[in-house]
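Undergrad:
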Amino acid sequence: MTSIQSTTTAPSDISAGEASSRSGFSSRMGFVMAAAGSAVGLGNIWGFPTQAAQNGGAAFLLVYLIMVVVLAYPMLVAELTIGRLAKKNPIAALSSLSEKPLWRKSGILAGIAGITTLSLILSFYAIIAGWLIAFMIEPLARMAGMPEVADWLINFSTARNMTMMAVFILLTTYIVKNGVSNGIEAWSKKLMPMLFILLIALAGYIVTLPGAEVGLKMYLVPDFSRILEPSLLVSAMGQAFFSLSIGTCAIMAYGSYLSEKENLPKTAGIVATLDTSVAVLAGLLILPAMTVAQANGVAIYGNDGTLLSSDTLVFTVLPALFNNMGSIGSIVAVAFFALMTIAALTSSISMLEAPVNTACEYLDQPRPKMALVTGSIIALISAIIILNFGELFGFVITLTTVYAQPILAMAFGLLLTWVLHRDRLLKELKKGHPELEQGLFWKIWPWYVKFICPVMMLMVFI
Ligand code: TRP
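FYI, this note's numbering numbers position 331 of the sequence shown as 863, with every residue one higher than the one before it.
1) For residue 916, count the other beta carbons within 10 Å of its own beta carbon; 16 or more makes it buried, fewer makes it exposed. Which is it?
2) Using DSSP with H/G/I as helix, E/B as strand and the rest coil, what is residue 760?
3) Is the beta carbon of residue 667 less than 8 Å from the beta carbon of residue 851?
4) Count the CB pairs spanning the region 844–863 and the region 822–836 that are closer than 8 Å, and state whether there are at least three.
5) Can you look up residue 574 in the DSSP assignment and give me helix, strand or coil?
6) Taking 6 Å as the limit between beta carbons, can you name the residues of its chain near residue 534, skipping five residues before and five after?
7) By DSSP's criteria, residue 839 is part of a beta bridge. Which residues make up the other side?
8) Residues in its own chain within less than 6 Å of residue 907 by CB, not counting five upstream and five downstream?
9) Taking 7 Å as the line, does the beta carbon of residue 774 fall inside it for any heavy atom of the ligand TRP?
10) Taking only runs that begin and end inside the region 919–966, name each unbroken alpha helix (DSSP H) of 4 or more residues, in chain order.
11) I need the straight-line Cα distance from residue 645 to residue 744, nearest angstrom please.
12) Buried or exposed, going by whether 16 or more other CB atoms sit within 10 Å of the CB of residue 965?
13) Using DSSP with H/G/I as helix, E/B as strand and the rest coil, what is residue 753?
14) Give me the Cβ distance between residue 868 and residue 604, rounded to the nearest whole Å; I'm assuming they're in contact under 8 Å.
15) Starting from the C-beta of residue 569, find all residues in its chain whose C-beta is less than 6 Å away, skip the five residues before and the five after it, and write them out in chain order.
16) Helix, strand or coil: how does DSSP classify residue 883 here?
17) Report, in whole angstroms, the separation of the C-beta atoms of residue 566 and residue 880, which I expect to be a contact under 8 Å.
18) Between the alpha carbons of residue 941 and residue 609, how many angstroms are there, rounded?
19) Would you check if the region 834–850 and the region 573–584 touch, i.e. whether three or more CB-CB distances between them fall below 8 Å?
20) From 642, 988 and 925, pick the residue whose C-alpha is nearest to that of residue 655; which is it?
21) Let me check understanding here. Comparing Cα to Cα, which of 758, 640, 636 and 918 lies closest to residue 592?
22) So which of 754, 770, 677 and 795 has the shortest CA-CA distance to residue 967?
23) Do residue 669 and residue 890 have their CB atoms nearer than 8 Å?
24) Tell me where the alpha helix (DSSP H) around residue 657 begins and ends.
25) From 691, 944, 630 and 790, pick the residue whose C-alpha is nearest to that of residue 985; which is it?
26) Does the distance between the C-beta of residue 889 and the nearest non-hydrogen atom of the ligand TRP fall short of 7 Å?
27) Could you say which of 562, 673 and 751 lies nearest to residue 718 if we only look at CA atoms?
28) Run the proximity test for residue 653: is its beta-carbon closer than 7 Å to any non-hydrogen atom belonging to the ligand TRP?
29) The alpha helix (DSSP H) that contains residue 787, what's its start and end?
30) Quick one: grab the DSSP three-state call for residue 889.
31) Would you check whether the ligand TRP has a heavy atom nearer than 7 Å to the C-beta of residue 780?
32) Check whether the Cβ of residue 583 lies closer than 7 Å to any heavy atom of the ligand TRP, and answer yes or no.
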């Protein structure tokens with residue numbers, strides 16, 4: 533046995549230089565809720581089910597599960613480990629893996645690229661989340677006898693997009709400004725159970741409606757002829773990386789607040805399992821909802837016979853279904869969009885945290901001020917995207933999620949396994965898991981991240 537016991541300090545660890553001002557998650561439960569909150573988002577509740585529907589139902593589910601296990605999970609452990617090892621903001625963490633100037637500079641570069649990607653992801657995520665809030669309030673406005681307001685909320689306009697995006701960024705900034713345990717952790721612990729309950733209640737209700745069987749079949753009966761299509765592999769990989777929030781420093785920042793008592797591979801396993809379960813569960817809500825809508829006369833296939841794209845699905849098909857449902861429809865609509873808004877909010881706080889933390893530590897400024905400044909910069913980027921919607925919206929999404937995320941995830945994994953000394957890696961992973969060396973994880977994972985992951989990712993890309 534090594535010195536593990538002596539290092540099992542409180543979350544606000546003092547071994548990290550400037551760490552006196554650095555608080556952390558107060559419990560394992562708090563961390564798991566926050567990290568699962570980051571992972572569970574629009575990617576799960578909307579991205580995953582629609583991708584599954586378009587790509588052979590359960591066949592996609594199978595490939596997705598394989599991608600999570602063989603690529604995303606190992607990278608998740610890598611990112612969390614870098615964060616906890618350094619207990620610093622992501623840029624400082626990545627540059628602290630080696631003493632050599634070249635590697636330090638590479639680390640700084642990877643960190644800056646990660647924070648930039650993350651800020652761009654938040655700037656498009658906030659636009660979509662703004663729509664969700666608008667659709668959540670719309671039925672309420674109609675019930676309150678304000679039809680003009682209700683129409684304004686659901687019709688695409690620059691004013692609507694700007695206003696709702698700003699509301700969402702304000703909410704996110706408010707939570708992040710209050711710090712890790714009082715803001716992020718407290719809110720994740722409140723919002724995540726609400727999300728689970730809403731999701732189960734909605735899925736339970738939708739599957740009882742006529743037409744739901746068709747959607748369930750589409751989702752659960754695999755079409756194996758699709759499984760070898762290269763586009764399916766790329767979609768499944770992108771979906772897995774996006775869903776686990778890896779490749780952008782968000783999870784690294786959360787890792788830097790994780791107590792040394794925690795077993796990293798196991799904690800990452802819990803987060804990945806929760807995230808995947810929510811995605812699978814969301815499939816049981818969205819796909820039956822689509823075919824229920826179809827049974828009610830709403831079109832869900834375009835002229836070319838393919839499924840309507842995912843944004844049309846959420847903002848046209850489902851509202852049409854809720855309208856058809858009579859008086860209960862308004863309640864279901866509010867509940868559904870509340871579910872989506874909550875999922876988006878627990879994800880967006882994880883996106884804002886890394887840039888805010890970096891700004892606080894480099895500029896030595898108080899958190900509330902930096903939260904406000906960073907939030908404003910991101911709102912400004914969102915505004916630019918809104919004003920050039922046709923050119924920028926899709927472009928930013930593809931650039932960040934299809935290219936930047938997998939490439940950066942790989943860069944972090946390579947920095948951790950090639951640049952960091954193996955003994956330091958082992959020492960870090962043994963904290964919270966003293967028997968690590970005897971287990972299968974340590975025999976496989978380091979060389980796996982070092983050699984196999986990069987090769988597999990290159991193969992998927994090519
Ligand atoms: N994982 C979230 C989702 O599924 C989105 C998300 C949160 C994210 N933090 C991230 C994506 C960081 C990329 C990077 O919706």
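All C-beta atoms, glycine included, are put in the ideal place defined by N, C-alpha and C. Everything numeric in this text was worked out from a predicted model, so none of it was measured.
TA: To lay it out plainly:
1) Within the sequence shown, residue 916 is the residue found at index 384, counting from 1. Label assigned to residue 916: exposed.
2) Indexing the sequence shown from 1 puts residue 760 at position 228. DSSP places residue 760 in coil when its eight states are reduced to three.
3) Taking the first residue of the sequence shown as 1, we reach residue 667 at position 135. Taking the first residue of the sequence shown as 1, we reach residue 851 at position 319. Going by C-beta atoms, residue 667 is nearer than 8 Å to residue 851.
4) yes
5) Within the sequence shown, residue 574 is the residue found at index 42, counting from 1. Residue 574: helix per DSSP, three-state reduction.
6) Along the sequence shown, read from residue 1 onward, the residue named residue 534 stands at position 2. With a pLDDT of only 37 at residue 534, under the threshold of 50, the placement of this residue in the model should not be trusted, and no figure is reported.
7) Numbered from its first residue, the sequence shown carries residue 839 at position 307. Per DSSP, 833.
8) The residue labelled residue 907 in the question sits at position 375 within the sequence shown. Same-chain partners within the cutoff: 701 and 705.
9) For this step, residue 774 is matched to residue 242 along the sequence shown. Within the cutoff, so yes.
10) 921–929, 937–946 and 954–962
11) Here residue 645 is taken as the residue at index 113 of the sequence shown, counted from 1. Here residue 744 is taken as the residue at index 212 of the sequence shown, counted from 1. Taking the straight line joining both Cα atoms gives about 44 Å.
12) Position 433 of the sequence shown, counting from 1, holds the residue named residue 965. When all chains shown are included, residue 965 counts as buried.
13) Position 221 of the sequence shown, counted from the first residue, corresponds to residue 753. When secondary structure is reduced to three states using DSSP, residue 753 falls in the coil class, being assigned neither helix nor strand.
14) Counting from 1 along the sequence shown, the entry for residue 868 is found at position 336. Counting from 1 along the sequence shown, the entry for residue 604 is found at position 72. Between residue 604 and residue 868 the Cβ distance is about 27 Å, and since that is not below 8 Å, they are no contact.
15) Numbered from 1 along the sequence shown, position 37 holds the residue referred to as residue 569. Excluding positions up to five away in sequence, the list reads 720, 724 and 878.
16) Position 351 of the sequence shown, counted from the start, is the residue given in the question as residue 883. Looking at residue 883 - three-state DSSP - the assignment turns out to be helix.
17) As a working mapping, residue 566 is identified with position 34 in the sequence shown. As a working mapping, residue 880 is identified with position 348 in the sequence shown. That belief does not hold up - the Cβ atoms of residue 566 and residue 880 are roughly 13 Å apart, past 8 Å.
18) On the sequence shown, residue 941 is found 409 positions in, with the first residue counted as 1. On the sequence shown, residue 609 is found 77 positions in, with the first residue counted as 1. If I take the Cα positions, the gap works out to 11 Å.
19) yes
20) In the sequence shown, the residue the question calls residue 655 occupies position 123. That would be 925, whose Cα lies nearest to the Cα of residue 655.
21) To locate residue 592, count along the sequence shown from 1; it is residue 60. For the residues 758, 640, 636 and 918, the minimum Cα distance to residue 592 belongs to 758.
22) As a working mapping, residue 967 is identified with position 435 in the sequence shown. For the residues 754, 770, 677 and 795, the minimum Cα distance to residue 967 belongs to 795.
23) Along the sequence shown, one-based indexing puts residue 669 at 137. Along the sequence shown, one-based indexing puts residue 890 at 358. It is not a contact, given that the beta carbons lie outside the stated cut-off.
24) Stepping through the sequence shown from its first residue, residue 657 is reached at position 125. Element bounds for residue 657: 633–675.
25) For the purposes of this step, residue 985 is taken as the residue at position 453 of the sequence shown. Selected option, being the one with the closest Cα: 944.
26) Here the question's residue 889 lines up with position 357 in the sequence shown. Outside the cutoff, so no.
27) Reading the sequence shown from its first residue, position 186 is the one you call residue 718. Measuring from the Cα of residue 718, the nearest candidate turns out to be 562.
28) As a first step, residue 653 is located in the sequence shown; it is residue number 121 there, counting from the start. For the ligand TRP, at least one heavy atom lies less than 7 Å from the Cβ of residue 653.
29) Within the sequence shown, numbered from 1, the residue matching residue 787 stands at position 255. Element bounds for residue 787: 782–787.
30) Taking the sequence shown and counting its residues from 1, the one referred to as residue 889 is at position 357. If DSSP states are grouped into helix, strand and coil, residue 889 belongs with the helices.
31) By one-based count along the sequence shown, residue 780 stands at place 248. Yes; taking the cut-off as 7 Å, the Cβ of residue 780 has a heavy atom of the ligand TRP nearer than that.
32) Reading the sequence shown from its first residue, position 51 is the one you call residue 583. The closest heavy atom of the ligand TRP lies 7 Å or more from the beta carbon of residue 583.
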